[in-house]
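Inspection log for the structure reproduced underneath, given as structure tokens.
Here's what the structure looks like:
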């Protein structure tokens, strides 16, 4: 299969800011689930590169394999075949403990469900990934407070999840994902439980985060959500297909609407 080069559409103007080494380099990735005597192949011979600073949307119908691919990218699952280098590291050489530490240092996750601790404040939820960090507690707390201000929750730091709206809870989850200053932010249907206006505000935050240099890969089934990314890849039946529609057919990016 030809290698899909998921670089930003305007990478030629950004060469001074990007390295020549892809952040993600996948070659011939396959994934098979085995249950009893039945094997189900969900990913087929995927080769993909993602560059530092990219913002990529993975789209496709339910069952297309997009979430499985995202979880392999984030070291929450392992490929059955092929090779995967993340930030130059061959992840197949990592044992469970090393993979967990590497995942915590390099990636951040935002899910459709917020996965917040119900009895903890917004600030304490954001601080959770720092439990095993080598960063001093005072620095982590300052970073968490700054992130909550950045996502518009500076006045909600000590509120518990049941005191926050759905959009506010997703902002807490986003701040939590950024606590370790990851090179790669992975999002699985991040606006799936949000109304249109709230979704738009969350996507604008993603764009600002990407403009700051964080690489983002987002899974979505929504064309409007995918339109905020710089590049889209469509998945069908466990395979990837570059998606380069005419600009006239693309919904406006959230920050380009009146």
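Residue numbers (full-length UniProt numbering): 1 to 258.
Even glycine gets a Cβ: it sits at the ideal position worked out from N, Cα and C.
Query, Result
"Figure out for me which residue from 91, 132, 175 and 221 has the closest Cα to the Cα of residue 209.", "175"
"Any idea what DSSP makes of residue 99, helix, strand or coil?", "helix"
"Can you name, in chain order, every residue of its own chain whose Cβ lies under 6 Å from the Cβ of residue 8, other than the five neighbours on each side?", "Only weak support is given to the placement of residue 8: the predicted model assigns it a pLDDT of 42, under 50, and the question is left unresolved by the model."
"Thinking C-beta only, is residue 46 closer than 8 Å to residue 261?", "Absent from the model: residue 261. The displayed extent of the chain is 1 to 258, so no value can be given."
"Quick test of the definition: if touching needs 3 or more C-beta pairs under 8 Å, does the segment 160-172 touch the segment 34-53?", "no"
"Quick one, are the C-beta atoms of residue 116 and residue 172 less than 8 Å apart?", "yes"
"Between residue 232 and residue 68, is the Cβ-Cβ spacing less than 8 Å?", "no"
"My understanding is that residue 184 touches residue 220, with C-beta atoms under 8 Å, so please give their C-beta distance in whole angstroms.", "17 Å between Cβ atoms; not a contact."
"What's the C-alpha gap between residue 71 and residue 227?", "22 Å"
"To the nearest angstrom, how far is it from the Cα of residue 202 to the Cα of residue 121?", "20 Å"
"Threshold first: 3 residues or longer. Then list the beta strand (DSSP E) segments lying entirely within the segment 17-92, N to C.", "24-35, 38-50, 55-59 and 81-86"
"Expressed to the nearest angstrom, what Euclidean distance is found between the alpha-carbon atoms of residue 20 and residue 36?", "44 Å"
"Closest to residue 179 by C-alpha separation, out of 217, 193 and 125, would be which residue?", "125"
"Taking its Cβ as the centre, do 16 or more other Cβ atoms sit within 10 Å of residue 144, making it buried, or is it exposed?", "buried"
"Would you report the Cα separation of residue 217 and residue 189, rounded to the nearest angstrom?", "11 Å"
"Does the beta-carbon of residue 129 have 16 or more other beta-carbons within 10 angstroms, so that it is buried, or is it exposed?", "buried"
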